Each structure stands twice: as structure tokens, then as C-alpha cells.
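Numbering (the working numbering), first residue to last: 927 to 1124.
All C-beta atoms, glycine included, are put in the ideal place defined by N, C-alpha and C.
The model shown is predicted, which means the values in this text are computed figures rather than measured ones.
Here the structure is laid out as C-alpha cells; the discussion comes afterwards.
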């Protein structure tokens, strides 16, 4: 896919003075005199900044690469074909949400979360894969947003529960050993209409 991206920014602001920074996608104005377009995400994080003035951060190369990888998994574009991206589209906003989670969320410690290893057929992993994570609280659905030779960085699509007690909320970021990453068919949750990434 050959997509030329105009510069994008994250806007970080604590407008309600809650101590939590809200993250929005900021797209600069196309022409002089236009206002930039801002698309809020559901991502926020604790901040110790003393000012409430917004801060704009340019997307990093890692942000753009992750966005393009996830977009590539969803779009059936021929090589060299240009793709128009509509940032108001709910699927594109879902991808932006995953990129924001990967950029701004602190990963949960996973030492006490992983389940017992067992022998099963494994699949080659790629960024954007919908997978099941083997945890001591069951097999949770997740999307891979980063990979290295040992670990997979994933965003949880399911909360991890112990009975009625919440252990790790959905949309949390986990860095987990690749041995704990299984095909999505292992997931406890129904993969019906809620599955976004195939």
C-alpha cells in the first residue's frame, strides 16, 4: 500500500483539571483560514503537569507505521493504489484508538497474569492480528499492536475477571510473552459481530 499521510498530531489536554490528560487526534487545516480538525479518543492518562494548556505532539514514525499496518489489515488495496482515509469513519477511529493506546498507555505488569503453558499449534504473529491471550483468568481477546522476538504488545478487547472482580479492564495495554499468544479461536468471548480485526 502506498499511502501518503499528511502530518498528524496528538493533542494532550486536561481541560477539566481532573489530573487526567485526554488524548485527541489533531489534523492540521488543509487551507489557510480553516480550523484544524480534532477527533477525541477514549484514551486518557494521569498527568502531573501544572498547566492545563493543550500540548500538541507530532505523530511519531512508530505511530504512523502502526496506523498503516492496521489499516492495511482492514483495506483490500492493490499495491500502489492510493487510499483515501476518512477520519470520521468509525473503523478508522477504532484504528486511531488502538494507536493512541499503544502510544500513551503504560503496559500492565504481566508476571502474575499469564496462564500455564501448554502444547498447541501456534500461528505466525503479525501486527493487527486478533488473538487470544492465555491468562490465569481465562483466554482474553486482544489485538497485537507491537512485536519483537520475545514479546507481543497487545490491547485487550476483553476485561480480565476473577469471578465478579475486575482484574484488568478492557483496552489495557499488555506486553506478554509470545508463548501466551494463541489463535483468536481460543478466546472465551464470542467472536461474532463484535470482532473487528480478522
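Shortest alpha-carbon distance to residue i belongs to which of the options?
i, options, result
"residue 1043", "1065, 1022, 970 and 1055", "1065"
"residue 936", "982, 955, 942 and 977", "982"
"residue 1045", "1011, 1107, 1113 and 964", "1107"
"residue 1037", "1069, 1062 and 1024", "1062"
"residue 964", "978, 999, 1074 and 1013", "1013"
"residue 1057", "1104, 1017, 1035 and 949", "1104"
Give me whichever residues DSSP pairs with residue i in a beta bridge.
i, result
"residue 1106", "In DSSP, residue 1106 forms no bridge with anything."
"residue 948", "939 and 970"
"residue 1112", "Partner(s): none; residue 1112 has no beta bridge."
Quick check on the burial criterion: 16 or more other C-beta atoms within 10 angstroms. Buried or exposed for residue i?
i, result
"residue 968", "exposed"
"residue 961", "exposed"
"residue 1089", "exposed"
"residue 945", "exposed"
"residue 1021", "buried"
"residue 1049", "exposed"
"residue 971", "exposed"
"residue 1114", "exposed"
"residue 1092", "exposed"
So, using beta-carbon positions, are residue i and residue j closer together than 9 Å?
i, j, result
"residue 904", "residue 1099", "Look at the range of the chain in this structure, 927 to 1124, and you will see that residue 904 is not part of it."
"residue 1025", "residue 1067", "no"
"residue 934", "residue 998", "no"
"residue 1070", "residue 1047", "no"
If you scan the region 973-1017 from start to end, which runs of the alpha helix (DSSP H) of 4 or more residues do you find wholly inside it?
-> 987-1000
Contained beta strand (DSSP E) runs [length at least 3] in the region 1025-1086, N- to C-terminal order = 1056-1061, 1064-1073 and 1077-1082
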